[in-house]
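In my numbering, the protein residues as written are 104 to 265.
The structure is reproduced here in structure tokens:
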């Protein structure tokens, strides 16, 4: 299979989140069938979900992959497990969260995977770093990225120094 372009959201709020995200960016590139072509800056954001969590560190990476969507999802979940990801509480704290945001401008809706990611257009910590990479991005439904960003409250989203 030829390579397709994908965007992955990365997030962490446990066990040195900056290092978790930076390490994951390197490790993604080491996975068979995946090349990280570029990534956004890191951003600090308030948690979505249960109160009392530490802030998150987030980024978005653009990938080229020869993997099919579910194969890519499996690879992302294996990398989360390598980072000791525990799926205990919905939207709870985590060492690493890797979300398949976009896959080759396709819409996918099955039991295991929904692409575009169902919440991506409502999350400043996804939209801002994604716009940093591709401000003129068109989503699979034909809509443009930037109006979603303009309508999304920025909250306390903070770009971190390199």
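From the three backbone atoms N, C-alpha and C, an ideal C-beta is built for every residue, glycine too. Note that the coordinates shown come from a computational prediction; the quantities given were computed from them, not determined experimentally.
Fully contained in the region 109-149 are the following alpha helix (DSSP H) runs of length 4 or more, in chain order: 120-133.
If you check the CB distance, residue 243 and residue 213 do not come in under 9 Å. Across the structure, residue 170 and residue 109 are spaced so that their CA atoms are roughly 10 Å apart.
Secondary structure at residue 251: helix, using DSSP grouped into helix, strand and coil. In the structure shown, residue 166 adopts extended strand secondary structure according to DSSP, grouped into three states. Nearest in C-alpha terms to residue 227, of all of 165, 198, 151, 124, is 151. Where residue 244 is concerned, there is no enclosing alpha helix (DSSP H), because DSSP gives it neither an H nor an E. Counting along the chain, residue 233 sits inside the alpha helix (DSSP H) bounded by residues 227-236.
Residue 107 is bridged by DSSP to 168. With a cut-off of 8 Å on Cβ pairs, the region 172-182 is in contact with the region 121-136, counting three or more such pairs. If the five residues before and after residue 239 are omitted, its C-beta is found closer than 6 Å to no C-beta atom of its own chain.
A straight-line Cα-Cα distance of about 31 Å links residue 236 and residue 155. Residue 204 sits in a strand when the DSSP states are folded into three classes.
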